[in-house]
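Engineer: Just so you know, the sequences run in chain order C and P.
So the first sequence is numbered by the numbering used here: it starts at 1 and just counts up by one.
So the second sequence is numbered by the numbering used here: it starts at 163 and just counts up by one.
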Amino acid sequence: MRRRWPKVRDSLLPSSRTTDPPHRPCYFSKYETRYSPTLSRLQPLIHPIAHVSGLVVTAAGLTADKTAAALLVAWDDDELEEGEEAPTVREAVMHLLLFLRASDELRNHLAWAGALDAVNALVVDEGNEVPEMTQMLAALREWMGQAPPPPEPEEGEEEADE
Amino acid sequence: MIASLLAKLAPMAMMEDNGTERARVAIGLLEKQAAEGPLAQELAECGGLRILVQTMVLHPEATLRQGACSVLSAALHEGEHGGAFMIAAQTAKLPQGLMRVLAEEDRKARPKAGEKAVDPDLPLRRVALPALALLIARVPELLDDPATASTVLGAAGSCDHQLRRGSIALALSLATDEATLAKGTRFTTSLVSND
Chain C
1 MRRRWPKVRD
11 SLLPSSRTTD
21 PPHRPCYFSK
31 YETRYSPTLS
41 RLQPLIHPIA
51 HVSGLVVTAA
61 GLTADKTAAA
71 LLVAWDDDEL
81 EEGEEAPTVR
91 EAVMHLLLFL
101 RASDELRNHL
111 AWAGALDAVN
121 ALVVDEGNEV
131 PEMTQMLAAL
141 REWMGQAPPP
151 PEPEEGEEEA
161 DE
Chain P
163 MIASLLAKLA
173 PMAMMEDNGT
183 ERARVAIGLL
193 EKQAAEGPLA
203 QELAECGGLR
213 ILVQTMVLHP
223 EATLRQGACS
233 VLSAALHEGE
243 HGGAFMIAAQ
253 TAKLPQGLMR
263 VLAEEDRKAR
273 PKAGEKAVDP
283 DLPLRRVALP
293 ALALLIARVP
303 ELLDDPATAS
313 TVLGAAGSCD
323 HQLRRGSIAL
333 ALSLATDEAT
343 LAKGTRFTTS
353 LVSND
């Protein structure tokens with residue numbers, strides 16, 4: 001008899017699952033094979049149904065350092081070119097980040113790369129002129145504010161830097 | 163006709179005398195044909211997608227890389243394709259080719275003294291992004307590979323405004339909901355198009 005989708009978090013680990021759950025998404029096996037060490041972190045994002053949004057969040061988390069750097073470059077783009085309509089790239093990035101809040105990895109790398117400072121600076125600049133913007137910035141500040149301090153560089157890395 | 167033009171893009175053909183020049187002419191004619199009428203079905207039937215993907219990714223000449231990408235993009239933009247084209251596209255590794263083109267670091271051609279450095283592949287990437295968006299819309303399973311979404315997100319770090327805008331628009335449409343994929347694709351295409 002096949003088991004149902006496990007509900008207990010520990011039971012999501014591959015070792016504890018002996019048979020495929022019903023309605024198992026076809027791509028799940030790929031994740032399990034390639035990223036089994038992070039399976040327990042990925043699982044909530046792709047369960048129960050593979051929404052595209054969940055896959056984007058997962059991808060953002062897996063390449064958090066590069067994604068954070070790319071998004072920070074886009075964050076600096078606040079100008080509309082001739083013929084373009086709002087939103088600006090920065091406003092679109094704000095919207096995107098709100099959808100990517102499920103990724104703690106991305107949050108941490110963004111905060112460590114200076115995105116929190118950029119958000120704080122914008123909060124001061126914007127004031128309360130645009131309520132929606134203020135709300136978005138507040139949400140992003142709250143999210144990034146939960147990031148832990150950046151990891152201390154190891155001794156070997158410090159020496160290499162010097 | 164198409165098959166004979168594609169044959170000019172084969173590496174062995176290009177190594178012959180005036181082979182590269184013939185390849186340039188062939189790409190030009192293919193682009194013209196793609197602009198004038200449907201090409202996708204014939205490309206799929208004669209196995210031409212593979213050589214176009216190879217040219218787009220590997221050819222040392224920027225104009226040929228861009229030409230190959232333009233032909234592929236035009237084929238993708240033709241509208242509804244039969245299953246044969248999409249199967250041929252995946253067999254020819256078109257999604258991986260587009261992702262590789264987008265993921266490459268900005269190339270800077272060495273300028274002559276006093277000239278501004280240029281990125282010869284920027285036009286190629288501007289064509290590749292909406293093409294990838296179209297492919298994702300038609301084959302959402304491409305997102306099963308995290309590299310797809312990572313490539314889209316990574317393109318946000320481009321030094322080009324159009325690419326940044328297009329990649330964020332596409333990522334936003336993907337992150338919002340799968341139902342908006344098609345809408346996002348049109349949005350991205352309009353953002354990145356050179357018209």
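Even glycine gets a Cβ: it sits at the ideal position worked out from N, Cα and C.
Give the single residue among 168/P, 297/P, 174/P, 226/P whose Cα lies nearest to the Cα of residue 255/P.
Structural biologist: For residue 255/P, the nearest C-alpha among the options comes from 297/P.
Engineer: Kindly say whether residue 316/P, judged by its beta-carbon, lies nearer than 8 Å to any beta-carbon of chain C.
Structural biologist: Yes, contact with chain C.
Engineer: I want to see whether chain C comes within less than 8 Å of residue 330/P, judged by CB atoms only; does it?
Structural biologist: Yes, contact with chain C.
Engineer: Applying the 10 Å Cβ sphere with the 16-neighbour rule, what's the burial state of residue 328/P?
Structural biologist: When all chains shown are included, residue 328/P counts as buried.
Engineer: Taking 8 Å as the CB-CB cut-off, is residue 356/P touching chain C?
Structural biologist: Residue placement at residue 356/P is flagged as unreliable, the pLDDT there being 39, under the threshold of 50; the coordinate-derived value follows with that caveat. No, residue 356/P does not count as interfacial toward chain C.
Engineer: Is the distance from the Cβ of residue 134/C to the Cβ of residue 312/P below 8 Å?
Structural biologist: No, they are not a contact pair.
Engineer: Identify the contact partners of residue 319/P in chain C, using a Cβ-Cβ distance below 9 Å as the criterion.
Structural biologist: Those are 66, 67, 69, 70, 71, 72, 73, 74, listed as they occur along chain C.
Engineer: In whole angstroms, what separates the C-alpha of residue 80/C from that of residue 320/P?
Structural biologist: Straight-line Cα distance between these residues: approximately 16 Å.
Engineer: Can you tell me where the alpha helix (DSSP H) with residue 170/P in it begins and where it stops?
Structural biologist: Looking at the DSSP string, residue 170/P is not in any alpha helix (DSSP H), and its letter there is neither H nor E.
Engineer: Step through the CB atoms of chain C and report whether any lies within less than 8 Å of the CB of residue 326/P.
Structural biologist: So yes, residue 326/P belongs to the interface.
Engineer: Beta-carbon within less than 7 Å of residue 166/P's beta-carbon, same chain only, minus the 5 sequence neighbours each way: which residues are those?
Structural biologist: Correct list: empty, nothing qualifies.
Engineer: Compare the C-beta of residue 62/C with all C-beta atoms of chain P and state if any pair is closer than 8 Å.
Structural biologist: Answer yes: the Cβ-Cβ gap between residue 62/C and chain P drops below 8 Å somewhere.
Engineer: Go ahead and pull the three-state DSSP assignment for residue 280/P.
Structural biologist: In the structure shown, residue 280/P sits in a strand (DSSP, three-state: E or B).
Engineer: Does any CB atom of chain C fall closer than 8 Å to the CB of residue 393/P?
Structural biologist: Within the shown structure, residues of chain P are numbered from 163 to 357, placing residue 393/P beyond reach of any answer.
Engineer: Excluding sequence positions up to five away, which residues of its chain have a Cβ less than 8 Å from the Cβ of residue 198/P?
Structural biologist: Result list for residue 198/P: empty, nothing under 8 Å.
Engineer: Just to confirm my understanding: we take residue 315/P, look at its own chain, exclude 5 residues before and 5 after, and list those with CB closer than 6 Å. What are they?
Structural biologist: Once the five neighbours on either side are set aside, the close Cβ partners of residue 315/P are 333.
Engineer: Secondary structure at residue 136/P, three-state DSSP: helix, strand or coil?
Structural biologist: Limits of chain P in this structure are 163 at one end and 357 at the other, which puts residue 136/P out of reach.
Engineer: Between residue 59/C and chain A, is any beta-carbon pair separated by less than 8 Å?
Structural biologist: Any reference to chain A falls outside this structure, whose protein chains are C and P.
Engineer: Pull up the distance between the alpha-carbon of residue 102/C and that of residue 54/C, whole angstroms please.
Structural biologist: In a straight line, the C-alpha of residue 102/C is about 9 Å away from that of residue 54/C.
Engineer: Does the beta-carbon of residue 228/P have 16 or more other beta-carbons within 10 angstroms, so that it is buried, or is it exposed?
Structural biologist: Buried, because 16 or more other Cβ atoms sit within 10 Å of the Cβ of residue 228/P.
Engineer: Please compile the residues from chain C whose C-beta is within a distance smaller than 8 Å of the C-beta of residue 312/P.
Structural biologist: Here the neighbours are 59, 60, 62, 63, 66, 67.
Engineer: DSSP three-state call for residue 310/P: helix, strand or coil?
Structural biologist: Here residue 310/P sits in helix by DSSP.
Engineer: Can the beta-carbon of residue 115/C be found closer than 8 Å to that of residue 144/C?
Structural biologist: Yes, the Cβ-Cβ distance between residue 115/C and residue 144/C is below 8 Å.
Engineer: Does any residue of chain C have a CB that is nearer than 8 Å to the CB of residue 305/P?
Structural biologist: Interface residue, yes.
Engineer: Would residue 48/C pass as an interface residue toward chain P - the criterion being a Cβ-Cβ separation below 8 Å?
Structural biologist: Unreliable placement is indicated for residue 48/C, whose pLDDT of 33 sits below 50; the coordinate value is still reported in the next sentence. For residue 48/C, the answer is no, since every Cβ of chain P falls outside 8 Å of its Cβ.
Engineer: Specify the secondary structure class of residue 301/P as computed by DSSP and reduced to three states.
Structural biologist: The answer is coil: DSSP assigns residue 301/P none of H, G, I, E or B.
Engineer: At 9 Å on the CB atoms, spell out the chain C contacts of residue 253/P, in chain order.
Structural biologist: Correct list: empty, because the minimum Cβ distance to chain C is about 19 Å.
Engineer: How would you call residue 220/P, buried or exposed, if buried means at least 16 neighbouring beta carbons within 10 angstroms?
Structural biologist: When all chains shown are included, residue 220/P counts as exposed.
Engineer: At a CB-CB cut-off below 7 Å, which residues of chain P make contact with residue 105/C?
Structural biologist: Per Cβ cutoff of 7 Å: no residues; residue 105/C is ~12 Å from chain P at best.
Engineer: Quick check on this structure: which residue in 262/P, 285/P, 264/P, 289/P has the alpha carbon closest to the alpha carbon of residue 237/P?
Structural biologist: Nearest option by C-alpha distance: 289/P.
Engineer: Just checking my contact of residue 140/C with residue 94/C at CB under 8 Å: how many whole Å lie between their CB atoms?
Structural biologist: Sure, about 7 Å apart at Cβ, within 8 Å.
Engineer: In this structure, how does DSSP classify residue 146/C when only helix, strand and coil are distinguished?
Structural biologist: Here residue 146/C sits in coil by DSSP.
Engineer: Taking 8 Å as the CB-CB limit, is residue 239/P close to chain C?
Structural biologist: Taking Cβ atoms only, chain C never reaches closer than 8 Å to residue 239/P, which makes this a no.
Engineer: Express the C-alpha separation of residue 176/P and residue 211/P in angstroms, rounding to a whole number.
Structural biologist: When rounded, the distance between both Cα atoms is 17 Å.
Engineer: Report the rounded CA-to-CA distance for residue 131/C versus residue 293/P, giving the unit in angstroms.
Structural biologist: Between residue 131/C and residue 293/P, the C-alpha separation is close to 36 Å.
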